[in-house]
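Some notes on the structure that comes next.
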Ligand SMILES: [Zn+2]
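Numbering (the working numbering), first residue to last: 2 to 168.
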């Protein structure tokens, strides 16, 4: 038999520029002076969560499903990307158990938005808020014009879930 668990990992980065939106985890960061340069809405948290979901089952990365050259994805809401990645995982009989996200950004400080971002990501994945950990780091001035994200996701096979199979 194979173990009913898989770990997925993702990494993403976007350049920051004045006059752009900054959206992280589906939450608009209204007080940001710089926003993400991207083909989509540039949500580096949702991109990394989607990539982590896909990588857990070796399904490739979001670039394969949402090519950044496709006109139809221009300015798209990245929630669509997570929904698609989640569907691909669920179709194969797996669900996310918990998610850990790290956001490296020098400004603005995001601490006050931690719960809102966690809630937003959790809602997309049908998880309790407490199953989405969000950490904030700075680059210590090394990359002030970037937002970088990393995420791990634990996936479990649905048929191995507690309460399934007459336990
Ligand atoms: Zn991205």
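The beta carbon of each residue, even a glycine, is placed where N, CA and C say it ideally should be.
Alpha-carbon to alpha-carbon, residue j and residue i
i, j, result
"residue 159", "residue 80", "23 Å"
"residue 167", "residue 105", "Summary for residue 167: the model assigns pLDDT 46, below 50, so the residue's position carries little reliability; its value from the coordinates is reported in the next sentence. Distance between the alpha carbons of residue 167 and residue 105: 44 Å."
"residue 64", "residue 45", "13 Å"
"residue 6", "residue 19", "42 Å"
"residue 186", "residue 14", "Outside the displayed span of the chain (2 to 168) sits residue 186, for which this structure offers no information."
"residue 123", "residue 95", "16 Å"
"residue 28", "residue 112", "13 Å"
"residue 11", "residue 152", "5 Å"
"residue 56", "residue 87", "12 Å"
"residue 175", "residue 16", "The requested residue 175 does not occur in the structure, where the chain is confined to residues 2 to 168."
"residue 143", "residue 107", "9 Å"
"residue 164", "residue 93", "19 Å"
"residue 4", "residue 127", "23 Å"
"residue 35", "residue 139", "15 Å"
"residue 125", "residue 70", "25 Å"
Beta-carbon proximity of residue i to residue j, cut-off 8 Å
i, j, result
"residue 51", "residue 43", "no"
"residue 83", "residue 156", "no"
"residue 74", "residue 48", "no"
"residue 32", "residue 109", "yes"
"residue 120", "residue 130", "yes"
"residue 100", "residue 133", "yes"
Coil, strand or helix - residue i by DSSP
i, result
"residue 74", "helix"
"residue 80", "helix"
"residue 62", "coil"
"residue 142", "coil"
"residue 49", "helix"
"residue 130", "helix"
"residue 168", "Caution applies to residue 168, whose pLDDT of 45 falls short of 50 and renders its modelled position unreliable; the model cannot decide the point."
"residue 68", "coil"
"residue 120", "helix"
Contact test: residue i Cβ vs ligand 1 heavy atom, cutoff 7 Å
i, result
"residue 13", "yes"
"residue 48", "yes"
"residue 45", "yes"
"residue 53", "no"
8 Å Cβ cutoff, residue i in contact with chain C
i, result
"residue 152", "In the structure shown, chain C cannot be found, because there is only a single protein chain."
Rounded distance between the beta-carbons of residue j and residue i, thought under 8 Å
i, j, result
"residue 118", "residue 135", "5 Å"
"residue 154", "residue 53", "4 Å"
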